[in-house]
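Numbering (the numbering used here), first residue to last: 1 to 213.
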C-alpha cells in the first residue's frame, strides 16, 4: 500500500501538537528537543505557521499559539477571546457611538472576529467572520505594521467611500500580537474633534486587554 504521508505536513503538526502539552510558550531549542527536528527545519515551518496565524512570536522570542487556532476549538486553558475582548468592544461602542471591532490576521487576510455595531444612524456595518484583504484599511496596517506611526493607524475611505477608521494593535503580556481593535464610522464622525479621544480610548482598551492575556 502506498505511503501517502506528507513529511512537511506531519512536521508542522508535530510542532502544533507541542503547544497542546500545557506549556504556553516555547523557545526554539525547546521545540527542537520536544519534536526531535532540526532548528533550521522548525524555523522554516514556524515562518509558514506565523504567516497563517497559527503561531505567533513575541518580543521575548518565545513562540505561542496564534489566533487562527481559535477556529479549532482551543481548550479551556487558553484565553477566551469572546469573553475577554467583547466587553471592551461594547464599552468602546457605548462611549463613542461608533462600531468597535476586533480583527485577527489569517494568512494574507484579516478576519473580523468580534464586532459591536455603532449607535449612529450612519454607521459602519461589518459582519463577524468577514474576511478582508491586508492591502487597505486601518486594521490591516495595524496587523501588518503594528509599530508604525506610534501604533496608531487611520484610514479614510480606503475600502468604503465615506467611512473612516482608527485602529491600534493588541498584544499579549509577552509582546505577541493578538490582533487589532478599531473604531469605524462616517468620516465626519471619526475624523473629527473627537479623534484624539478615540485614540486614547483604543489605546487604553488595548492596554487592559494585554493585562488579561
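Here a beta-carbon is modelled for each residue, glycine too, at the ideal position from N, C-alpha and C.
Under the rule that 16 or more other beta-carbon atoms within 10 Å means buried, what is residue i, buried or exposed?
{"i": "residue 128", "result": "exposed"}
{"i": "residue 98", "result": "buried"}
{"i": "residue 211", "result": "exposed"}
{"i": "residue 60", "result": "exposed"}
{"i": "residue 118", "result": "buried"}
{"i": "residue 2", "result": "A caution first: residue 2 carries a pLDDT of 44, below 50, which makes its placement in the model unreliable, though a value can still be read off. Looking at its Cβ environment, which holds fewer than 16 other Cβ atoms inside 10 Å, residue 2 is exposed."}
{"i": "residue 63", "result": "buried"}
{"i": "residue 131", "result": "exposed"}
{"i": "residue 201", "result": "buried"}
{"i": "residue 177", "result": "buried"}
Report the three-state DSSP secondary structure of residue i (helix, strand or coil).
{"i": "residue 191", "result": "coil"}
{"i": "residue 8", "result": "helix"}
{"i": "residue 109", "result": "strand"}
{"i": "residue 77", "result": "Bear in mind that a pLDDT of 33 at residue 77, under 50, signals an unreliable position, so the model cannot answer this."}
{"i": "residue 115", "result": "strand"}
{"i": "residue 197", "result": "helix"}
{"i": "residue 159", "result": "coil"}
{"i": "residue 135", "result": "coil"}
{"i": "residue 60", "result": "coil"}
{"i": "residue 174", "result": "coil"}
Report the rounded CA-to-CA distance for residue i versus residue j, giving the unit in angstroms.
{"i": "residue 34", "j": "residue 10", "result": "14 Å"}
{"i": "residue 45", "j": "residue 207", "result": "31 Å"}
{"i": "residue 74", "j": "residue 12", "result": "Only weak support is given to the placement of residue 74: the predicted model assigns it a pLDDT of 46, under 50, and the question is left unresolved by the model."}
{"i": "residue 173", "j": "residue 139", "result": "21 Å"}
{"i": "residue 186", "j": "residue 165", "result": "8 Å"}
{"i": "residue 213", "j": "residue 120", "result": "32 Å"}
{"i": "residue 50", "j": "residue 37", "result": "18 Å"}
{"i": "residue 29", "j": "residue 8", "result": "19 Å"}
{"i": "residue 93", "j": "residue 56", "result": "28 Å"}
{"i": "residue 133", "j": "residue 31", "result": "32 Å"}
{"i": "residue 162", "j": "residue 180", "result": "22 Å"}
{"i": "residue 107", "j": "residue 91", "result": "29 Å"}
{"i": "residue 141", "j": "residue 135", "result": "8 Å"}
{"i": "residue 27", "j": "residue 53", "result": "18 Å"}
{"i": "residue 203", "j": "residue 188", "result": "21 Å"}
{"i": "residue 77", "j": "residue 193", "result": "Model confidence at residue 77 stands at a pLDDT of 33, short of 50, so the residue's coordinates are unreliable; what they give is reported in the following sentence. If I take the Cα positions, the gap works out to 43 Å."}
{"i": "residue 182", "j": "residue 109", "result": "16 Å"}
{"i": "residue 198", "j": "residue 39", "result": "44 Å"}
{"i": "residue 111", "j": "residue 101", "result": "10 Å"}
Provide the residue span of the beta strand (DSSP E) that contains residue i, from first to last.
{"i": "residue 25", "result": "Where residue 25 is concerned, there is no enclosing beta strand (DSSP E), given that its DSSP letter is neither H nor E."}
{"i": "residue 130", "result": "Counting along the chain, residue 130 falls outside any beta strand (DSSP E), and DSSP gives it neither H nor E."}
{"i": "residue 153", "result": "153 to 156"}
{"i": "residue 179", "result": "177 to 186"}
{"i": "residue 55", "result": "55 to 57"}
{"i": "residue 64", "result": "63 to 65"}
What is the residue span of the alpha helix (DSSP H) that residue i lies within?
{"i": "residue 106", "result": "Note, residue 106: premise wrong, no alpha helix (DSSP H); beta strand (DSSP E) at 99 to 106."}
{"i": "residue 163", "result": "Looking at the DSSP string, residue 163 is not in any alpha helix (DSSP H); the run it does join, the beta strand (DSSP E), is 163 to 171."}
{"i": "residue 44", "result": "39 to 51"}
{"i": "residue 87", "result": "81 to 96"}
{"i": "residue 141", "result": "138 to 144"}
Compare the C-beta of residue i with all C-beta atoms of chain B and state if any pair is closer than 8 Å.
{"i": "residue 57", "result": "Included in the structure is just one protein chain, with no chain B present."}
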